[in-house]
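Reviewing the structure listed below.
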Amino acid sequence: MFKAITITTVWVLDQNEALDFYVGKLGFKIDDDVDMGFMRWLTISLPSDPGRQLLLEVPGPPAMSAETGAQVRDLVTKGALGAAAILTTDDCQHVYDTLKAQGVEFTQGVEVQPYGIDCAFRDPFGNHLRVTQPAEEPSPVTDQDIARWSGSAE
């Protein structure tokens with residue numbers, strides 16, 4: 010029935026600032042930047058994955074009312090919308106070191122997980138992004154993993 014997921018929305022508060030971050034720091038490329046009069050259609054993708062785009066959209070009309078847009082903007086800045094994207098890499102430590110040197114705010118350093126090695130950071134608006142270096146063969150999840158993820162590890 011469906012062939013692919015091609016566009017996913019990431020709510021941003023300023024599209025030019027979003028371009029500075031996603032294109033300038035993370036290495037995405039601009040696919041579409043169209044002034045439609047009532048909104049700006051701005052999509053980006055990774056050069057290695059051009060068929061999957063992120064729509065960098067400002068919450069508000071025409072997608073939602075001004076009141077709902079204000080509520081969504083508040084949730085974005087609180088980091089309350091969950092992961093905006095999970096990006097994969099062959100070298101998580103290198104990505105962490107490179108982005109940290111560029112001033113990217115990390116919420117989790119590089120950690121070994123059952124599924125691979127990962128870290129987490131925020132975009133300038135509060136959206137969470139994760140970087141994962143997938144394991145060649147994932148390990149079983151242990152009680153220690155669950156305790157660490159839940160914040161109850163000693």
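So for the sequence shown, the working numbering puts the first residue at 10; every next one is plus one.
Built from N, CA and C at the ideal position, the CB exists for glycine as well.
Model, not experiment: these values are computed from the prediction.
Could you compute how far the alpha carbon of Ala93 sits from the alpha carbon of Val150? So the two alpha carbons sit approximately 24 Å from each other.
Do the stretch 84-104 and the stretch 116-131 meet, that is, are 3 or more Cβ pairs less than 8 Å apart? Between the stretch 84-104 and the stretch 116-131, the count of C-beta pairs closer than 8 Å reaches three or more; the two stretches touch.
Based on Cα-Cα distance, which residue from Gly46, Ile14, Ala156 lies nearest to Ser54? When only C-alpha atoms are compared, the closest one is Ile14.
Rounded to whole angstroms, what's the CA-CA distance from Gly112 to Thr98? Just pull it up for me. So the alpha carbons of these two residues sit roughly 19 Å apart.
Helix, strand or coil, according to DSSP, for Lys12 in the structure here? Lys12 falls in the coil class under three-state DSSP.
Beta strand (DSSP E) containing Leu65: first to last residue? That run of the beta strand (DSSP E) goes 58-66.
Distance, Gly88 Cα to Phe166 Cα: With the chain covering only 10 through 163, there is no way to say anything about residue 166.
Can you tell which of Pro147, Val119, Gly69 has the C-alpha that lies nearest to the C-alpha of Arg139? Considering only Pro147, Val119, Gly69, the residue with the shortest C-alpha distance to Arg139 is Val119.
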